[in-house]
Amino acid sequence: MNKKKGVGKQERLYYLDWLRVLAILGVFLFHAVHPFDMFPWEIKNADQSVAVTLFIVFLGPWGMPLFFLLSGVGSQFALRRRTSKQYLIERVNRLLIPFIVGSVLLSPLQLYFQWAHQLQTGVFDGSLLEFFQIRDISIGPRFFGWAGFHLWFLGFLFAYSIIALPIFQWLKQGAGKQFVDWLVRICSKRGGLLLFILPLMVVQFIFRPYFPMEHDWTDFLFSLVFFIVGYILYSDQRFEEPIKRDWKVMLIFGIISTLFFFGAGAADRATEWMETSGTLGYYMLWGMWSINAWCWTLFMLFIGMRYLDFTNKLLQYGQDTIMPFFLFHQPVIIIIAFYVVQWEVGVTLKLITVVLSSFVISFGLVEFVLRRIKPVRKILGMKS
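Numbering (my numbering), first residue to last: 159 to 542.
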């Protein structure tokens, strides 16, 4: 194992790389078990699993926020050694091009199997063209999910890179530095990091009643907060100590908010509270969502700092493969799940089959095909 290695005057924080790799694996598992939970998805098994549903409820609120926070951190380090123009060019190569290529090549495949599954299960009885036409397309953030399915994440990140750049530049100037100093002073007090929950709640309470759909403006702005906060937290080393100090606070609030979701689901009130704006339950649920997303994200950041700040060949390999693995894992899962859910066997065997076979095939595709062709590496956003 190798510990931190200096990169010029900048020290490499390997735990951030580990968290990115592990987060991608978490997204894979999240998608691979989706056919067996109680929520809508592209492919659904006839019988669902309560245990899988609880796993989705646990991971769902903070999985992607962790990604966006880490991406904001990445922008902080990238802008230390790049001009704004170089930064945007890199974002085009690493985010926009893979999004476009993936949307053109992979989305039609996923759309076909989703249509075939709904045709087979009697949910839809029209043609593929009719199925395509009824999909909701809008001018706004939901376009990224409409065009790219799971690649909406790349579309969001590219948009954030453009939107947040003036904010990042301001944070480097006098007034911006004073703002960061003010945040540091607040966070230096125990529990001060909970301050960042406030903008998350503001987004949920103001925008969720008008934009309730997944990946619409509420989700877009909610994730943007994590992206910007990730940049801020790594703009000043003084934030590190509060993150290490307040891990118990984050864990406690994370557990409490997760138990709240479990309880709301068990009482069959979760859907009602999520959808009925203006009620106490509505504000309780989306307030808890903000608490949950922030506290688990910060706790995972602490876990990385405490246990993952080293490098080895496995990490180096993971860094090189996470982008193509992310691009291709969901189409592989959808195709495999399409056939497996038709088997006359138990849920557990189906789930294990989908998870293991999808991982092996996705990994094999990346290792033996995508990583070895230089032009493919470039269009998939991989480093040369």
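Just so you know, even glycine gets a beta-carbon here, dropped at the ideal spot from N, CA and C.
What you are looking at is a predicted structure, and each value in this text was computed from that prediction instead of being measured.
Residue range of the alpha helix (DSSP H) that includes residue i
i: Ala317; result: Trp310 to Ile321
i: Lys99; result: Any property of residue 99 remains undetermined from this structure, which presents the chain solely from 159 to 542.
i: Glu430; result: Ala428 to Glu433
i: Asp478; result: Lys471 to Val498
i: Lys347; result: Per DSSP, Lys347 belongs to no alpha helix (DSSP H) and is neither H nor E.
i: Gln395; result: Gln395 -> no alpha helix (DSSP H), and no H or E assigned at all.
i: Met196; result: Here Met196 belongs to no alpha helix (DSSP H), and DSSP marks it neither H nor E.
i: Lys532; result: Lys532 to Ile537
i: Val360; result: Ile355 to Phe365
i: His373; result: His373 -> no alpha helix (DSSP H), and no H or E assigned at all.
i: Ile295; result: Looking at the DSSP string, Ile295 is not in any alpha helix (DSSP H), and its letter there is neither H nor E.
i: Asn450; result: Leu438 to Tyr465
Cut-off 7 Å between Cβ atoms - residues of its own chain near residue i, not counting five sequence neighbours on either side
i: Met540; result: Asp478, Met481 and Pro482
i: Trp176; result: Gly462, Leu466 and Leu473
i: Ala422; result: Ala428, Trp431 and Leu443
i: Phe378; result: Pro299 and Phe314
i: Pro223; result: Ser381, Phe384, Ala451 and Thr455
i: Leu528; result: Pro482, Val534 and Leu538
i: Thr545; result: There is no way to answer for residue 545, as the model of the chain reaches only from 159 to 542.
i: Trp501; result: Lys508
i: Leu548; result: A question about residue 548 goes unanswered here, because the residues of the chain that appear run from 159 up to 542.
Candidates the options, of which the one nearest residue i by Cα
i: Arg240; options: Phe326, Phe216 and Met196; result: Phe326
i: Pro219; options: Val499, Arg427 and Leu417; result: Leu417
i: Gln362; options: Met432, Ser346 and Leu264; result: Met432
i: His189; options: Leu217, Ala204 and Val179; result: Leu217
i: Gly445; options: Trp328, Ser516, Val524 and Phe354; result: Phe354
i: Ile413; options: Trp452, Tyr392 and Phe378; result: Trp452
i: Gln331; options: Trp375, Ile297, Phe271 and Ser393; result: Ser393
i: Gly298; options: Leu341, Asp374, Lys202 and Phe213; result: Asp374
i: Phe460; options: Leu391, Ser261 and Ser207; result: Leu391
i: Glu200; options: Phe526, Val342 and Ala495; result: Ala495
i: Ala236; options: Ile214, Trp340 and Tyr389; result: Tyr389
i: Asn203; options: Arg530, Val524, Thr506 and Gly522; result: Thr506
i: Ile410; options: Met359, Leu438, Asp205 and Ile449; result: Ile449
i: Tyr270; options: Thr279, Phe289 and Asp283; result: Phe289
i: Val259; options: Arg293, Leu312 and Ile247; result: Leu312
i: Tyr563; options: Val512, Thr511, Val513 and Val524; result: With the chain represented from 159 up to 542, any question about residue 563 goes unanswered, as that position is not in the structure.
Cβ-based burial, residue i [other Cβ within 10 Å; buried from 16]
i: Leu228; result: buried
i: Pro533; result: exposed
i: Gln395; result: exposed
i: Asp426; result: exposed
i: Asp195; result: buried
i: Lys406; result: exposed
i: Leu287; result: exposed
i: Arg178; result: buried
i: Ser296; result: exposed
i: Thr376; result: buried
i: Lys508; result: buried
i: Val503; result: exposed
i: Gly221; result: buried
i: Ser520; result: buried
i: Trp447; result: buried
Close beta carbons around residue i, own chain, < 6 Å, minus the five adjacent residues each side
i: Phe484; result: Ile182
i: Gln168; result: Residue confidence for Gln168 is low, a pLDDT of 49 falling below 50, so the modelled location carries little weight and cannot support an answer.
i: Ser559; result: Outside the modelled stretch of the chain, which goes from 159 to 542, sits residue 559, for which no answer is possible.
i: Met408; result: Cys453, Leu456 and Phe457
i: Ser233; result: Tyr389
i: Phe186; result: His487
i: Trp310; result: Phe302, Gly303 and His373
i: Ser128; result: As displayed, the chain neither begins before 159 nor continues past 542, which places residue 128 out of reach and without an answer.
i: His308; result: Gln488
Residues near residue i in its chain [Cβ-Cβ closer than 8 Å; skip 5 each side]
i: Phe316; result: Arg249, Val250, Leu253, Leu254 and Phe257
Cβ-heavy atom distance, residue i to the ligand GDP, below 6 Å
i: Tyr318; result: Although the ligand GDP was asked about, the structure shown includes no ligands whatsoever.
Stretch pair the region 268-275 + the region 311-327: three plus CB contacts closer than 8 Å | At 8 Å Cβ cutoff, the stretches do not touch.
message: Pairs of beta-carbons, one from the region 335-354 and one from the region 398-414, closer than 8 Å: are there three or more?
response: yes
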